[in-house]
Each structure stands twice: as C-alpha cells, then as structure tokens.
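K.L.:
Letter by letter, the sequence shown follows residues 1 to 297 in the UniProt record's numbering.
Backbone N, C-alpha and C define an ideal beta-carbon position, used for all residues, glycine too.
The model shown is predicted, which means the values in this text are computed figures rather than measured ones.
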Amino acid sequence: MRKKYLTVVVLLALVGLVAGCIGLGRYEGKQTLMKKISAREEFVLQTFNGYVTIASSEDDNIHLEITKMARGDDQAKLKEFLEKEIYVDLIENDSKVEVKVKRPSFFPLSIMTAGVNFKVKIPNSTVSNINNKTSNDFVEVKDFSRRINVVSSNGHIELENVNGIMDVVTSNGRVTGNDIAGIIAVESKNGFINIEASDQGLLEVTLSTSNSSIIFRSPIDINGTYNLKTSNGRIIMEVPSDSKMDVTAETSNGSISCELQHTKRLLTDDIIKLIVNGGGAIVNLETSNSDIEIRGW
Numbered sequence: 001m002r003k004k005y006l007t008v009v010v011l012l013a014l015v016g017l018v019a020g021c022i023g024l025g026r027y028e029g030k031q032t033l034m035k036k037i038s039a040r041e042e043f044v045l046q047t048f049n050g051y052v053t054i055a056s057s058e059d060d061n062i063h064l065e066i067t068k069m070a071r072g073d074d075q076a077k078l079k080e081f082l083e084k085e086i087y088v089d090l091i092e093n094d095s096k097v098e099v100k101v102k103r104p105s106f107f108p109l110s111i112m113t114a115g116v117n118f119k120v121k122i123p124n125s126t127v128s129n130i131n132n133k134t135s136n137d138f139v140e141v142k143d144f145s146r147r148i149n150v151v152s153s154n155g156h157i158e159l160e161n162v163n164g165i166m167d168v169v170t171s172n173g174r175v176t177g178n179d180i181a182g183i184i185a186v187e188s189k190n191g192f193i194n195i196e197a198s199d200q201g202l203l204e205v206t207l208s209t210s211n212s213s214i215i216f217r218s219p220i221d222i223n224g225t226y227n228l229k230t231s232n233g234r235i236i237m238e239v240p241s242d243s244k245m246d247v248t249a250e251t252s253n254g255s256i257s258c259e260l261q262h263t264k265r266l267l268t269d270d271i272i273k274l275i276v277n278g279g280g281a282i283v284n285l286e287t288s289n290s291d292i293e294i295r296g297w
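(1) Of all the options Asp-269, Gly-191, Ser-257 and Val-205, which has the alpha carbon lying nearest to the alpha carbon of Ser-231?
(2) Which word fits Ser-125, buried or exposed, when buried means at least 16 other C-beta atoms lie within 10 angstroms of its C-beta?
(3) Could you check whether Leu-260 and residue 322 sit closer than 7 Å to each other, using their CB atoms as the reference points?
(4) For Ser-257 versus Glu-293, is the C-beta distance shorter than 7 Å?
(5) What are the boundary residues of the alpha helix (DSSP H) that includes Phe-81?
(6) Apart from the five residues just before and just after Ile-215, which ones in its own chain have a Cβ nearer than 6 Å to its Cβ?
(7) Give, in chain order, every unbroken run of the alpha helix (DSSP H) that is at least 4 residues long and sits entirely within the segment 133-195.
(8) Between the alpha carbons of Leu-90 and Arg-71, how many angstroms are there, rounded?
(9) Tell me whether Met-69 is buried or exposed, calling it buried when 16 or more other Cβ atoms sit within 10 Å of its Cβ.
(10) Would you give the residue range spanned by the beta strand (DSSP E) that Tyr-27 belongs to?
(11) Suppose contacts are defined by Cβ-Cβ distances below 7 Å. Is Asn-154 in contact with Asn-172 by that definition?
(12) Following a CB-centred definition, is Phe-107 positioned closer than 6 Å to any heavy atom of the ligand NAP?
(13) Hey, Met-245 and Val-186: beta-carbon distance below 7 Å or not?
(14) Looking at the secondary structure, which residues open and close the beta strand (DSSP E) in which Ser-257 lies?
(15) On a CA-only basis, which of Arg-147, Val-116 and Leu-207 is nearest Thr-170? Give me that one, please.
(16) Please determine, among Lys-102, Asn-117, Phe-107 and Glu-83, the residue with the shortest C-alpha to C-alpha distance to Ser-135.
(17) Leaving out five residues before and five after Asp-143 in sequence, what residues of the same chain have Cβ atoms less than 7 Å from its Cβ?
(18) Measure the C-alpha to C-alpha separation of Ala-281 and Asp-221 and round it to an integer number of angstroms.
(19) For the beta strand (DSSP E) that Tyr-226 lies in, which residues bound it at each end?
(20) Of all the beta strand (DSSP E) runs that stay within the bounds of the segment 51-126, which reach a length of 3 or more residues?
(21) Could you tell me the distance, in whole angstroms, from the CA atom of Glu-80 to the CA atom of Ile-184?
(22) Within 10 angstroms of its Cβ, does Arg-265 collect 16 or more other Cβ (buried), or is it exposed?
(23) Rounding to the nearest angstrom, what Cα-Cα distance links Val-239 and Arg-103 in this structure?
(24) If you drop the 5 nearest sequence neighbours on each side, which residues of the same chain put their C-beta closer than 6 Å to that of Thr-225?
(25) Leaving out five residues on either side along the sequence, give the residues of the same chain with a beta carbon under 7 Å from the beta carbon of Gln-75.
(26) So what does DSSP say about Gly-280, is it helix, strand or coil?
(27) From Lys-121 to Leu-159, what distance separates their C-alpha atoms?
(28) Can you tell me whether Met-166 is buried or exposed, with buried defined as 16 or more other CB within 10 angstroms of its CB?
(29) Report, in whole angstroms, the separation of the C-beta atoms of Arg-40 and Val-97, which I expect to be a contact under 8 Å.
Laid out in structure tokens, this is it:
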C-alpha cells in the first residue's frame, strides 16, 4: 500500500512539473543601437544564453539589433526584470569598441531563464579585430576580411565568406566554414567540423575535435601547414589532384587511403608517411578508431 501511495505522489509531482513548464511564458524586449565610429583595432561583444550574427555594414556605422528575452510565469514580472536587470551599452575608447551587457547577479523564482541575442553589422574597413563570446547558442559570421576570435559553449559556429585570421573555440557544437581564406584554427569538443575554403585557399589550418568527424576541402599552398586531429571520428581531406604534400597520417583500428599519386613509407604499425606529388605542404592527420581519407578533385 505504501509503495502505491509513493508512486501516486511521484506521478502527481511529475504532472505538476510538466504543467508548470507548459505554462511558462516568454517575453522579449527589443532595442536598436547605431553609432558611427572611426578606425579602431578591436570590436568586443560578450553575451549569454543568446545567439550572435555578425555581418559587414554598408555604411560607416555599427548597427546592433538586440533582443532581450526571459521565461517565467508572469509577463509583468518578466518585463520588469528585463528592463531593470539587463541592459546593453556601446562604449568607445582609443583602441576598441565594446558592447557591454549587464548580466543579472541572480534570478528571482519567477524567472526561469534569460538571455540576449544580437544581430550586428560592422564596417569592414573600420575594425581590424573582432572578439565575440556567447553561451548556449550559435554564432554566425559572414562577409568579413578581418581577424576574428569566436568562443561559444553548447552552440554551433558558422563562418561564411570570411578572409583573415580566424580563431574558433566551441564545446558540444559543430563548426562549419564555407568560402573562407587565410589562416584558421578551430577547437571543438564533441562537435563535427566541416571547413570548405574559397578558391584562394587556406595557408595555415589547425582543426581539432573529439568524438566526431572532420571534413576539410581546400586548395593546398605548397608552403602551407595543415593539422587535422580528432578521436573516434573520420577525417576526410579533399584537395586538388595536383597538390604537393608531405603527409603524416596516424590512426588506430582504422584505414588510411589516398587517391592522389603518392609514395608510402610505413613509420610504425599505425603511422604512415605519404609523399604526394613529390612533396610540399606539411600535413598531419590523426584520429583513432576510424579512417583517414585523402581525396582528389
């Protein structure tokens, strides 16, 4: 009898929890900021529980579309919380432009979660370095020719038509790049990496993840360096058939294959040296429990 009683109590508690979650409302507060700036070394933006999209603007102004959001069971309290506890400001000094986000020091019981989304447009000719950090959502950067540092947790990162020096760090999220050039370093945990370069190609590449695969497609610079490393995931490298490379490939419990003209030298049971089309660029490929493939086009 006691066991049945406990079961009924647990079920009622779960029903109450689900009903409470379903009853949660969402409130959004919109804000826009625009400011004309002179040349600066750095643009800095750090937010929380929200996505960030960054693109180039068509004028000399920085444009910010800001969405403050919160979830809870009382719309009036949500609105008051966003207005009083979260605010955004755009600050300029001699070396940088910074978006300041005031984050609440605590959340009342009536507020389940809150965060801030940003849509940003920045003059390509004005800012030489972009630093962005967020959590629990994605970051997207498009149409830029600058140095870019992006950090996210529990969210994916997308780069499109970017030419410059790119440093990308995320956890539990994928990283994709399309039509990019320059130098790129990607560090992910438990996230798939897929990078496709522009016709210009990439000179230096470091791609690192775990428990997922890496796909990399790019023209190869004979003086370039390309390091791809994962664990428990496949590595696929797609390059022009005439690419000149010195490849060191290492895997365990997997195969290593190369479609391009090459000579092969066994270094150990798990490590193979490939001299492709006479050698050139330095390429290091490493995984475990999966395959490594070099494909030509």
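P.N.:
Answer, in terms of the structure:
(1) Gly-191
(2) exposed
(3) Beyond the ends of the chain as shown, which are 1 and 297, falls residue 322; an answer cannot be given.
(4) yes
(5) 75-85
(6) Asn-194 and Ile-236
(7) Within the segment 133-195, not a single complete alpha helix (DSSP H) segment reaches 4 residues in length.
(8) 26 Å
(9) buried
(10) It spans 25-36 - the beta strand (DSSP E) in which Tyr-27 sits, taken as one unbroken run.
(11) yes
(12) In terms of ligand content, the structure shown is empty, and the ligand NAP therefore cannot be addressed.
(13) no
(14) Secondary structure note for Ser-257: its beta strand (DSSP E) is the uninterrupted segment 256-258.
(15) Out of Arg-147, Val-116 and Leu-207, Leu-207 has the C-alpha closest to the C-alpha of Thr-170.
(16) Asn-117
(17) So the qualifying residues of the chain are Ala-55, Ser-56 and Asn-161.
(18) 6 Å
(19) 220-229
(20) 52-56, 61-72, 88-92, 96-101 and 111-122
(21) 43 Å
(22) Exposed.
(23) 45 Å
(24) Glu-204 and Ile-282
(25) Once the five neighbours on either side are set aside, the close Cβ partners of Gln-75 are Gly-25 and Tyr-27.
(26) coil
(27) 15 Å
(28) buried
(29) Confirmed, Cβ separation roughly 5 Å.
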